Amino acid sequence: MKSWLTPRNAFVTALMIVLALLPVYSALTGNTFMVTLFTRILILAIAAVSLNLIMGFGGMVSFGHAAYLGIGGYVVGILAKEGINSGFVQWPLALVLSGLFALAVGALSLRTRGVYFIMITLAFAQMVYYIANGLDRYGGDDGLTIQRRSDFGGLINLSNRTVFYYLCLVLLMATVYFVWRMVNSRFGLVIQGARSNERRMRAIGFPTFRYKLTCFVIAGVLCGLSGVLLANHTNFISPALMHWTRSGDLIVMAVLGGMGTVFGPVIGAVALLVLEEALPHLMGLASYLATGKEVAAAKEYWQLILGPMMLLIVIYARGGIEGLISGRRRG
Amino acid sequence: MADTLLKIGGLTKRFGGVVASDNIALDIVAGELHAIIGPNGAGKTTLIGQLSGELTPDTGQVFFDGQDITALPAYRRSAMGLGRTFQITSLFPDFTALDNVALAVQAHAGHSFHFWRDARMESDLREPARAALARAGLSNRADEIVANMSHGEHRQLELAMALATRPRLLLLDEPMAGLGPEESSRMVKTLRELKQEITILLIEHDMEAVFALADRISVLVYGRVIASGEPAAIRANAEVRQAYLGEQEAVSAPGAGHG
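Just so you know, the sequences run in chain order A and B.
Residue numbers 32 to 362, in this note's numbering, belong to the letters of the first sequence in order.
Residue numbers 9 to 267, in this note's numbering, belong to the letters of the second sequence in order.
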């Protein structure tokens, strides 16, 4: 047996401890911004883990994954606007609709591969994006403010910042555990086999399409959950939720963190969103050190740093940050 | 009538102006090792493609065990007991050898909508897989990642995977391709053991191996079967010698390749 005390496990454990103790730090220092930022990170990490299930393990590069964020979010927003605040109605409906949408997209797109698959998933997401834009009753392209978060009676109070943070953390961990079990099950091996060599899978007797479609639907439901949480987190929905650049962000998180490992996308989500916050400040600081006064424009160009970082990781660490830490490389 | 396991009738497949399969009719009898030989471009791999379900013939039919399988997809044919190997090695390179074969076992162990249990801990998948690896002579390489194995081992693994699907008919597409002399003779030995139990349709370039193994041989030239019969008859057939064997003097020399 391999030792459990590897650099990778130490890193994951440290990250888990930081995530678990963050609200404590926040309460002690009065810094609520950190909890807000990390709630958002946890929620998008769920979406990244779900994308990685189909992309990293199944080889299905969906460029329309943000559509499920939108569907999950809009179900919560629309029902709230119509006076239905119960989470017991909102959440299951959001997950079911996400799954049905994934079923429709998958049934069509999974008959194609490569760039055509990417284009079809993008096209469907754009369709939903423009539908949301046209929903005048629900804010059109301005979006819609949600007056009340999902109501679970006395069970759990989502309006409490700390409670909501821990709910998101628990759901993320549950998602990671579920995906981990799944990718090592019979089902998961079929999905991975189909990524690796679909022709051989059929030759040894697997009807691969139905397994890939099921996987696609599961990923859609998980990402729908992320959308539900995101709407509750921001108390606001708008078509921007499912802009195609958001789908791109999710891909970046999975690639950055490490595709084809269950925990990689969590690391990727933390890394990308923390960098997004921190880099503008660092750029400002650098401009101050260089010129003696802070140059406001420097903050605007933080992506100049992020871009090359992405490049280096993609070129030198094919397994993303996760692979870098565990010393493992994927071809 | 001897049991015909695979019956091919009037099979024709065109690619543009090229007739890759020209009205092919063949009967593969249960228990035999039937070899198909022919020069490059004779349409051997096109034929395998139609038999395994990757290509649909323009006309003609394929019957397996009395059932018309002409329109069935590859996975259904596999489920019925039609196994195959690939001329160009076709494996799951980032899995271990055992994982590869266990996946083939899993394909024939009911549906795979099991989401929770660790499939690598299921002994009813792992044990048959180990047995298939052993038959192909790879017992000691079970836990090796496939990408790190040699070409010869890949060919053995090809065979192990096909065996793990417990086929009644095995389509072998050039199992000796790229093998050195030693590896080839090991493969011949393995196939000789296998033909005791499984009906085999062997497509092969290695004449020595073909004449050592085959009960019957069919010769394919430009998509047509020009001769079909026992090895001695094929060796003596003038048309075959002219079309094909003439190029291979070592084989036409008396006594070569008897097994």
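Glycine is no exception: its CB is placed at the ideal position from the N, C-alpha and C atoms.
These figures come from a predicted structure and were not determined experimentally.
Test: residue i CB closer than 9 Å to a CB of chain A
i	result
S98 of chain B	yes
L167 of chain B	no
G91 of chain B	yes
D11 of chain B	no
D151 of chain B	no
T173 of chain B	yes
R125 of chain B	yes
Q164 of chain B	no
H266 of chain B	Low per-residue confidence applies at H266 of chain B: pLDDT is 40, beneath 50, and the placement is therefore not dependable enough to give any value.
L14 of chain B	no
D102 of chain B	yes
G61 of chain B	yes
Minimum C-alpha distance to residue i - residue among the options
i	options	result
K243 of chain A	A:I346, A:S227, A:S257 and A:G255	A:S227
H264 of chain A	A:A317, A:G108 and A:R39	A:G108
R180 of chain A	A:D172, A:M341, A:V194 and A:A45	A:V194
Q95 of chain B	B:R143, B:L141, B:H159 and B:Y83	B:H159
A170 of chain B	B:S60, B:I211, B:A112 and B:T12	B:A112
D172 of chain A	A:P270, A:Y197 and A:R144	A:P270
M341 of chain A	A:V92, A:Y169, A:F94 and A:E307	A:E307
M91 of chain A	A:Y169, A:A285, A:G258 and A:F237	A:A285
F100 of chain B	A:P54, A:G291, A:L220 and A:T143	A:L220
L228 of chain B	B:E216, B:L221 and B:R249	B:R249
D30 of chain B	B:D73, B:D107 and B:G18	B:G18
L189 of chain A	A:A205, A:N116 and A:P339	A:N116
T276 of chain A	A:L335, A:E229 and A:Y160	A:Y160
P81 of chain B	A:A156, A:R233 and A:L59	A:R233
A205 of chain A	A:G354, A:L287, A:A78 and A:I222	A:A78
F121 of chain B	A:C199, A:L141, A:L186 and A:M213	A:M213
9 Å Cβ cutoff, residue i in contact with chain B
i	result
L126 of chain A	no
A395 of chain A	Not covered by the structure: residue 395 of chain A. The range shown for chain A is 32 to 362.
R360 of chain A	Confidence in R360 of chain A is poor, its pLDDT being 47 and thus under 50, which makes the residue's placement too unreliable to answer from.
I11 of chain A	Outside the shown range of chain A (32 to 362) lies residue 11 of chain A, about which nothing can therefore be said.
L134 of chain A	no
S216 of chain A	yes
G219 of chain A	yes
Q223 of chain A	yes
M91 of chain A	no
Residue i - DSSP class collapsed to helix/strand/coil
i	result
F148 of chain A	helix
H42 of chain B	strand
V109 of chain B	helix
F103 of chain B	coil
T97 of chain B	coil
S226 of chain B	strand
M32 of chain A	Unreliable positioning characterises M32 of chain A in this predicted model, as indicated by a pLDDT of 46, which lies under 50. The coordinate reading is nonetheless provided below. M32 of chain A: coil per DSSP, three-state reduction.
G358 of chain A	coil
A33 of chain B	strand
D66 of chain B	coil
F218 of chain A	helix
Q178 of chain A	coil
T173 of chain B	coil
R125 of chain B	coil
I162 of chain A	helix
Limits of the unbroken beta strand (DSSP E) element including residue i
i	result
I234 of chain B	R232 to G237
N148 of chain B	Here N148 of chain B belongs to no beta strand (DSSP E), and DSSP marks it neither H nor E.
K21 of chain B	T12 to F23
A50 of chain B	It is not in any beta strand (DSSP E) - A50 of chain B carries neither H nor E in the DSSP assignment.
L46 of chain A	Careful: L46 of chain A lies outside any beta strand (DSSP E), inside the alpha helix (DSSP H) at P38 to T60.
D181 of chain B	L177 to D181
T207 of chain B	T207 to I211
Supposed close pair residue i, residue j - CB separation, criterion 8 Å
i	j	result
T239 of chain A	A225 of chain A	5 Å
L126 of chain A	L256 of chain A	6 Å
K21 of chain B	D66 of chain B	6 Å
I208 of chain B	L202 of chain B	7 Å
P183 of chain B	T97 of chain B	Between T97 of chain B and P183 of chain B the Cβ distance is about 10 Å, and since that is not below 8 Å, they are no contact.
V109 of chain B	A172 of chain B	5 Å
L153 of chain A	F94 of chain A	4 Å
L34 of chain B	V233 of chain B	6 Å
L59 of chain A	G258 of chain A	With a Cβ gap of about 32 Å, L59 of chain A and G258 of chain A do not count as contacting.
Enclosing alpha helix (DSSP H) for residue i [first to last residue]
i	result
I364 of chain A	Limits of chain A in this structure are 32 at one end and 362 at the other, which puts residue 364 of chain A out of reach.
S192 of chain B	P189 to L202
L206 of chain A	According to the sequence provided, residue 206 of chain A is Thr. The question's Leu does not apply to it. Counting along the chain, the alpha helix (DSSP H) containing T206 of chain A begins and ends at R192 to V214.
L343 of chain A	Q334 to Y347
I298 of chain A	G295 to T322
L126 of chain A	G118 to S140
G101 of chain A	A97 to K112
R168 of chain A	Unbroken run through R168 of chain A: none, as it is neither H nor E.
heavy atom of the ligand FAD below 8 Å from residue i C-beta
i	result
G68 of chain B	Absent from the structure shown: the ligand FAD. Ligands present: none.
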